[in-house]
Amino acid sequence: MRGILRVTWTVTPLWPPVARRHCSNCNRPQRFRTSGKFRVNAQKKRIDVWLLYRCEICEANWNLPIVERALVTAIDPAALCGFMQNEEGLARRHGFDLERLRRHGAQIEACQDFDVRKIHANGCRHDPEAIEVTLRANEPCELRLDQFLAGEFRVSRSCVARLADRGVLTIFPAARKGLRAALADGQVIRLRLEQVDSALALTLTRAAVEDVSRVSL
37 MRGILRVTWT VTPLWPPVAR RHCSNCNRPQ RFRTSGKFRV NAQKKRIDVW
87 LLYRCEICEA NWNLPIVERA LVTAIDPAAL CGFMQNEEGL ARRHGFDLER
137 LRRHGAQIEA CQDFDVRKIH ANGCRHDPEA IEVTLRANEP CELRLDQFLA
187 GEFRVSRSCV ARLADRGVLT IFPAARKGLR AALADGQVIR LRLEQVDSAL
237 ALTLTRAAVE DVSRVSL
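In this text, residue positions in the sequence shown follow our numbering: the first is 37, and each later residue adds one.
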């Protein structure tokens, strides 16, 4: 019995998204990148915290509000310490807060460079009848699914589209936009290899468990 090859792909963007917004110094829309540092301002019993961004062209600052006029006693002491010490993980978490960025007028350009760790969960690694890939993304990636799958399976986007059209490739849960939707945590990609030729089946099987060179899409 050939069985099903099951793997988990954990996708991690290499850096937070770029915020595109008006630069008052350049007097035009520019790309701003997070500096990974916070600005903290305390007045009496209240505190403000911003995550600092810099224009890629002129290095002008833009401050993304994180805490606004909050009572110091209302802030978790560990978080306050993290703000004061520019803790890397805390800055990264707020840099991936897409809702907050949009709320403050930024257009988002998602990171197109990412790391994918492929872990063989169970099943046959040689000549399986199907491949089942579970996607894990702890941070929002906003990568188009067809683009991502083409890169990781080492095939063209048109090949991915044909496989989906033929029912060879299916996505669970089904996305309204299908392959044009963004990659999401918990998605399962299933490929029925008995419906493709042996050369393509071999390519897909190898790519399911082997890392590929990280390049910008």
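Here a beta-carbon is modelled for each residue, glycine too, at the ideal position from N, C-alpha and C.
Quiz item: Candidates Ser-71, Leu-171, Glu-165 and Glu-178: which alpha carbon is nearest Val-204's?
Solution: Position 168 of the sequence shown holds residue 204. When only C-alpha atoms are compared, the closest one is Glu-165.
Quiz prompt | For Asn-158, the residue or residues it bridges with in DSSP | solution = Indexing the sequence shown from 1 puts residue 158 at position 122. According to DSSP, residue pairing for Asn-158 in a beta bridge involves Arg-42.
Quiz item: Near Arg-180, what residues of its chain come up, given a Cβ to Cβ distance below 7 Å and the 5 sequence neighbours on each side ignored?
Solution: In the sequence shown, the residue the question calls residue 180 occupies position 144. Only Arg-216 and Ala-218 meet the Cβ criterion.
Quiz item: Per DSSP, what kind of secondary structure is Leu-50 in: helix, strand or coil?
Solution: Along the sequence shown, one-based indexing puts residue 50 at 14. Coil, per DSSP.
Quiz item: In or out: His-156 buried (at least 16 other Cβ within 10 Å) or exposed?
Solution: In the sequence shown, counting from the first residue as 1, residue 156 sits at position 120. That one is exposed.
Quiz prompt | Per-residue burial, Val-255 [other beta carbons within 10 Å of its own, 16 or more giving buried] | solution = Residue 255 cannot be examined here, being either before or after the span of the chain that is shown, 37 to 253.
Self-check item: Leu-87 - partner residues in DSSP beta bridges
Solution: The count along the sequence shown starts at 1 and reaches residue 87 at position 51. Per DSSP, Phe-74 and Leu-100.
Self-check item: Residue interval of the beta strand (DSSP E) (run including Pro-196)
Solution: Numbered from its first residue, the sequence shown carries residue 196 at position 160. Before going further, note that residue 196 is Val rather than Pro in the sequence given. Here Val-196 belongs to no beta strand (DSSP E); instead the alpha helix (DSSP H) covers 193-201.
Practice problem: Output yes or no for whether 8 Å exceeds the beta carbon distance between Leu-87 and Ala-127. | Solution: In the sequence shown, the residue the question calls residue 87 occupies position 51. In the sequence shown, the residue the question calls residue 127 occupies position 91. Contact: yes.
Quiz item: Which partner residues does Phe-208 have in the DSSP bridge list?
Solution: On the sequence shown, residue 208 is found 172 positions in, with the first residue counted as 1. BP columns for Phe-208 point to Val-224.
Practice problem: Leaving aside the five residues before and after Ser-252 along the sequence, list all residues of the same chain whose C-beta is less than 7 Å from its C-beta, in chain order. | Solution: Within the sequence shown, numbered from 1, the residue matching residue 252 stands at position 216. Since pLDDT at Ser-252 reaches only 42, below the 50 mark, its modelled position is unreliable, and no value is offered.
Quiz item: Do three or more CB pairs link the segment 169-188 to the segment 69-81 at distances below 8 Å?
Solution: no
Quiz item: In this structure, what does DSSP give as the bridge partners for Val-169?
Solution: Here the question's residue 169 lines up with position 133 in the sequence shown. Answer is Val-43 and Ile-225.
Self-check item: Backbone CA spacing between Thr-109 and Lys-81 [nearest angstrom]
Solution: The residue labelled residue 109 in the question sits at position 73 within the sequence shown. The residue labelled residue 81 in the question sits at position 45 within the sequence shown. Going from the Cα of Thr-109 to the Cα of Lys-81 covers about 8 Å.
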